[in-house]
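Novice:
Numbering (this note's numbering), first residue to last: 1476 to 1687.
Right, dumping it as structure tokens:
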């Protein structure tokens, strides 16, 4: 207020009076909780455009945590997921009986390496993983669900957030997925918190870090 400090008070200065009125109005506005003008953001790309773009993404890396509940049993684990083309490389670190488990999946092919360095592959790997987790994980579809899109190879029912043009729910292959939180990653909106349910199985996933 440099200009104000130079003004001489003569009891009727219109400039000083106007400044006082503006100041008083600001105080009243603050006390009354005046709302500022809403900030406008660019509209998100249409879902019909975003969906195929995300489904075509072949490379991503994420770290997070997973909580699994199967009836009266359950466990928590740290998760690292690296996607390279059609191959999903996962590491689960937690109370799975033998500590860290490395999982490599591509199509119907599945390989597991236990903390002891034991290799399990083929049909035995599917049975081993289902025993460790308490359910048979839908890895082929999960690589899409985790990006917030349906598996393009199977029919699905989508629940779309029309304003944000992204999924808030998805039903596919007997599973229902709820998306409760998204984060901005490299100009894209990706899930940060999602819950998968099927019968008595519930899987909660919290993504701490995304890399595209």
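Virtual Cβ for every residue (Gly too), placed ideally from N, Cα, C. As the structure is a prediction and not an experimental result, all values here were calculated from the model.
Short of 7 Å in beta carbon distance, which residues of its chain neighbour residue 1560, apart from the five on each side in sequence? Order them along the chain.
Specialist: Here the set comprises 1533.
Novice: Taking 8 Å as the cut-off, does the stretch 1546 to 1565 touch the stretch 1651 to 1669 (at least 3 CB pairs, one atom from each stretch)?
Specialist: At 8 Å Cβ cutoff, the stretches do not touch.
Novice: Using CA coordinates, which residue listed in 1618, 1678, 1686 is at the minimum distance from residue 1548?
Specialist: For the residues 1618, 1678, 1686, the minimum Cα distance to residue 1548 belongs to 1678.
Novice: If you draw a straight line from the C-alpha of residue 1680 to the C-alpha of residue 1667, how long is it?
Specialist: Those two C-alpha atoms are separated by around 8 Å.
Novice: Just to confirm the assignment: which complete beta strand (DSSP E) runs, minimum length 3, are found wholly within the stretch 1578 to 1632?
Specialist: Correct list: 1584 to 1588, 1594 to 1596.
Novice: Go to residue 1519, then tell me how far its alpha helix (DSSP H) extends in each direction, as first and last residue.
Specialist: No alpha helix (DSSP H) holds residue 1519; DSSP gives it neither H nor E.
Novice: Given residue 1512, which residues of its chain have a CB within under 7 Å of its CB, disregarding the five upstream and five downstream residues?
Specialist: In this prediction, residue 1512 has a pLDDT of 47, which is less than 50 and means its spatial position is unreliable; what the coordinates show is noted afterwards. Closer than 7 Å at the Cβ level, and outside the excluded window around residue 1512, lies no residue.
Novice: Pick helix, strand or coil for residue 1639, following the three-state DSSP scheme.
Specialist: Three-state DSSP puts residue 1639 in coil, outside helix and strand.
Novice: Per DSSP, residue 1549 forms a beta bridge with which residues?
Specialist: For residue 1549, which the question treats as bridged, DSSP gives the partners 1544.
Novice: For residue 1650, which residues of its own chain have a beta-carbon under 6 Å away from its beta-carbon, when the five flanking residues on both sides are left out?
Specialist: Same-chain partners within the cutoff: 1671, 1673.
Novice: DSSP state of residue 1687, grouped into three classes?
Specialist: Note: residue 1687 maps to coil in three-state DSSP.
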